[in-house]
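K.L.:
Mapped onto our numbering, the consecutive letters of the sequence shown carry residue numbers 5 to 423.
I have a structure I would like to understand better, so I am pasting it below and will then ask my questions one at a time.
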Amino acid sequence: MAERDFETVVIGGGAAGIAAARRLHQAGVNCVIIEARLRLGGRAWTVADAAGHALDLGCGWLHSADRNPWVAVAEEQKRTIDKTRPPWARWALPHKFPEDEQREFRGAQEDFFRRVGERAQRDPDIAAATLLAPGCRWNGLISAIGTYISGAELDRVSARDFDNYDDTNVNWRVVEGYGATIAKCGEDLPAILDCPVQRIDHRGKRLRIEIPRGAIVADQAIVTLPTSILADAEQLFLPALPDKTEAARGLPLGLADKLFLSLDGAEEFDKDSRLFGAIDKTATATYHMRPFGRPLIEAYFGGRLAAELEAGGTSAFFEFAVSELSRLLGNDFARRVKPIHNYCWGADPFARGSYSYALPGKTDCRATLAAPVDGRLFFAGEACSHGDFSTAHGGWITGVLAADQAISALRKKAAKPAE
Ligand SMILES: Cc1cc2nc3c(=O)[nH]c(=O)nc-3n(C[C@H](O)[C@H](O)[C@H](O)COP(=O)(O)OP(=O)(O)OC[C@H]3O[C@@H](n4cnc5c(N)ncnc54)[C@H](O)[C@@H]3O)c2cc1C
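Structure, rendered in structure tokens:
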């Protein structure tokens, strides 16, 4: 590719990159998304099963839906928004977990969240696991849920960051897929796909973005790469930006993976209900039965369990799920399920994980990561958000913010008399 010239390049075409590029494009800025994959969307990705049902392998829930900007995008696209209350806001199915025990568990979990809320903003920051009640029988399950929320065990997660997460508890879904909605939003934007950025050279008056087929020249860049990539790529910036590398290292990506199973005789279970694989340990999956009423199970695995299963591929996820479900529902249950789709986000070279959490003491890394450099390198992505990290709407909000910073820098430069 010959050298090409833009005002702004957006590096990474996930939720943040698409939101940023859309804003720039609307403001008339000559911009382009440079994306390593063959598709836009990043960790937002919808595939279809044989019946044509949309399956979200990455984000599925419009969290904080009453203030989530993707809702308006989905509505613009005439998508169907499902407002059924999520399984975690209702009682789980009673198999090996009767309602009185669920009530006791919920009380213990609320106590844990309260202790986090009371302690989190005091110095020094500590690991969230420190606030588990010693000897409480529900610690395993509280920690399992911690791995679904953060993608990591609570002993690795900052209590302050955990507390900073800001959720309105309104959770909706897009029937046709959250990932499909996000990708479609980027469809008409200028983008170069299949093009991993190798270096951002900011030594000269203009930026030189090195890619496998040459280089792109630009006035500014908005970098939306996952922290897993930034933490490992000390040579990405020339000269290096050690503050950014360190900030990214304080915000690793936790791991969460899904496995979709087909389910014969699905009507036996309530629509959008849930089973816990086990209630006495952290290394267990949660099973969303009949999502949208479909004859499917969406199994969710987090933290070390997900990492261990990734080493064995889809068959390891499937065998684990079948063993937990058979224990709950009887050995015959194994004959009723088949694996349909699974995705290993830890092994994905352009994600290397699922969503960010802060290590204890590293909450400030979010602001450090988000801070612009030299008025021409801007940063966005879920990990840059103070309270909406780990989400697709956190991606959107930080993307729009970075685009606004970039637009205002361009306008300032244009208003200055030429040197
Ligand atoms: C299993 C799972 C479940 C989830 N569930 C939810 C949920 O229910 N609700 C929710 O809101 N969020 C959820 N999330 C999180 C959500 O998907 C992410 O937080 C969000 O999509 C991140 O968007 P982003 O733009 O910050 O990053 P990304 O989507 O990772 O975008 C970064 C982009 O950069 C690209 N890239 C990487 N390296 C390069 C390079 N060298 N050059 C150019 N491009 C590069 C990547 O391919 C990617 O497209 C889930 C994620 C997973 C994995």
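For each residue, glycine too, the CB sits at the ideal point set by N, CA and C.
(1) Please determine, among Asp-159, Ala-362, Tyr-304, the residue with the shortest C-alpha to C-alpha distance to Ala-251.
(2) Excluding five sequence neighbours on each side, which residues of the same chain lie with their C-beta closer than 7 angstroms to the C-beta of Arg-207?
(3) Where do the ends of the alpha helix (DSSP H) carrying Trp-400 lie?
(4) Determine the burial state of Leu-145: buried for a count of at least 16 other Cβ atoms within 10 Å of its Cβ, exposed for fewer.
(5) Using only CA atoms, which one of Leu-333, Leu-234, Ala-31 lies nearest to Pro-353?
(6) Taking DSSP's pairing of strands, which residues face Glu-302 in a bridge?
(7) Would you decide whether Met-5 is buried or exposed? Buried here means 16 or more other CB atoms lie within 10 Å of its CB.
(8) Roughly how far, in whole angstroms, is the beta-carbon of His-425 from the beta-carbon of Asp-53, given that I think they are within contact range, below 8 angstroms?
(9) Whole angstroms are fine: how far does the CA of Arg-210 sit from the CA of Leu-28?
(10) Does the distance between the C-beta of Gly-391 and the nearest non-hydrogen atom of ligand 1 fall short of 7 angstroms?
(11) Whole beta strand (DSSP E) runs in the stretch 27-65 with 3 or more residues, listed along the chain?
(12) Ignoring anything shorter than 4 residues, give me the alpha helix (DSSP H) runs that lie fully in the stretch 305-391, in order along the chain.
(13) Please list, in chain order, all residues of the same chain as Ala-270 whose beta carbon is under 7 angstroms from its beta carbon, the five residues on each side excluded.
(14) Is any heavy atom in ligand 1 found nearer than 7 angstroms to the beta carbon of Pro-98?
(15) Go ahead and pull the three-state DSSP assignment for Asp-223.
(16) If contact is defined by three or more beta carbon pairs under 8 angstroms, each pair taking one atom from either stretch, is the stretch 104-114 in contact with the stretch 134-148?
(17) CB of Pro-90 to nearest heavy atom of ligand 1: below 7 angstroms?
(18) Locate the alpha helix (DSSP H) running through Asp-9, then write down its first and last residues.
(19) Just to check my reading of the structure: Ala-289 and Tyr-182 have Cβ atoms closer than 8 angstroms, yes? What is that Cβ distance to the nearest angstrom?
(20) Just mark Gln-202 as buried or exposed, buried being the case when its beta carbon has 16 or more other beta carbons within 10 Å.
(21) Please state the DSSP three-state secondary structure of Glu-238.
(22) Could you check whether the Cβ of Ile-38 sits closer than 7 angstroms to any heavy atom belonging to ligand 1?
(23) Anyone know if the C-beta pair for Ser-327 and Asp-171 falls short of 8 angstroms?
(24) According to DSSP, is Met-5 part of a helix, a strand, or is it coil?
(25) Kindly list the residues whose CB is nearer than 7 angstroms to the CB of Leu-135, restricted to its own chain and excluding five residues on each side of it in sequence; keep chain order.
(26) Give the DSSP-derived three-state secondary structure of Lys-285 in the structure shown.
(27) Report the residue ranges of all alpha helix (DSSP H) runs contained in full by the stretch 133-198; include only those spanning at least 4 residues, in chain order.
(28) Where does Asp-274 sit, in a helix, a strand or coil, going by DSSP?
(29) Beta-carbon separation of Leu-265 and Ala-325 under 8 angstroms?
(30) Where does Asp-104 land, buried or exposed, given buried means 16+ other C-beta within 10 angstroms?
(31) Exposed or buried, what is Leu-197 when buried is set at 16 or more other beta-carbons lying within 10 Å of its beta-carbon?
(32) Starting from Arg-107, trace the alpha helix (DSSP H) in both directions and tell me its first and last residue.
(33) Using 8 angstroms as the cut-off, can you tell me whether the stretch 76-91 makes contact with the stretch 173-193, which would need three or more C-beta pairs spanning the two stretches below that distance?
(34) If we count the other Cβ atoms within 10 Å of its Cβ and call it buried at 16 or more, is Gly-17 buried or exposed?
P.N.:
In short:
(1) With distances taken between Cα atoms, Ala-251 lies closest to Ala-362.
(2) Excluding sequence neighbours, Arg-207 sits near Leu-242, Pro-243.
(3) Where Trp-400 is concerned, the enclosing alpha helix (DSSP H) starts and stops at 396-419.
(4) Within 10 angstroms of the beta-carbon of Leu-145 lie 16 or more other beta-carbons, which makes it buried.
(5) Nearest to Pro-353 by alpha-carbon distance, out of Leu-333, Leu-234, Ala-31, is Leu-234.
(6) In the DSSP secondary-structure assignment, Glu-302 is bridged to Phe-264, His-292.
(7) Only weak support is given to the placement of Met-5: the predicted model assigns it a pLDDT of 44, under 50, and the question is left unresolved by the model.
(8) The first residue shown for the chain is 5 and the last is 423, placing residue 425 beyond what the model contains.
(9) Those two C-alpha atoms are separated by around 19 angstroms.
(10) No, the Cβ of Gly-391 stays beyond 7 angstroms of every heavy atom of ligand 1.
(11) Fully enclosed beta strand (DSSP E) runs of no fewer than 3 residues occupy 35-38, 50-52, 58-60 of the stretch 27-65, in order along the chain.
(12) The DSSP assignment places 307-333, 369-374 as complete runs of the alpha helix (DSSP H) inside the stretch 305-391, in order along the chain (cut-off: 4 residues).
(13) Arg-294, Pro-299.
(14) Flag unset: Cβ of Pro-98 not near ligand 1.
(15) Strand.
(16) In short, these stretches touch, since the Cβ pair count reaches three.
(17) Checking the Cβ of Pro-90 against ligand 1 gives no.
(18) First-last for Asp-9: 8-15, but that is the beta strand (DSSP E), not the alpha helix (DSSP H).
(19) Not confirmed; about 21 angstroms, so no contact.
(20) In summary, Gln-202 is exposed, with fewer than 16 beta-carbon neighbours lying within 10 Å of its beta-carbon over all protein chains present.
(21) Of the three classes helix, strand and coil, the one that applies to Glu-238 here is coil, per DSSP.
(22) At least one heavy atom of ligand 1 lies closer than 7 angstroms to the C-beta of Ile-38.
(23) Against a cut-off of 8 angstroms, the Cβ pair of Asp-171 and Ser-327 comes out as no contact.
(24) A caution first: Met-5 carries a pLDDT of 44, below 50, which makes its placement in the model too unreliable to give a value.
(25) These residues qualify, in order along the chain: Phe-116, Arg-119, Val-120, Arg-123, Ala-163.
(26) DSSP places Lys-285 in coil when its eight states are reduced to three.
(27) Complete alpha helix (DSSP H) runs here, min 4: 143-154, 163-168, 182-190.
(28) Note: Asp-274 maps to coil in three-state DSSP.
(29) Yes, Cβ-Cβ distance for Leu-265 and Ala-325 is below 8 angstroms.
(30) By the Cβ-count criterion, Asp-104 is exposed, with fewer than 16 other Cβ atoms from all chains shown falling within 10 Å of its own Cβ.
(31) By the 16-neighbour rule on beta-carbons within 10 angstroms, Leu-197 is exposed.
(32) For Arg-107, the enclosing alpha helix (DSSP H) starts and ends at 103-123.
(33) Remark: three or more beta-carbon pairs, one from each stretch, lie closer than 8 angstroms, so the stretch 76-91 and the stretch 173-193 are flagged as touching.
(34) Its Cβ being crowded by 16 or more others within 10 Å, Gly-17 is buried.
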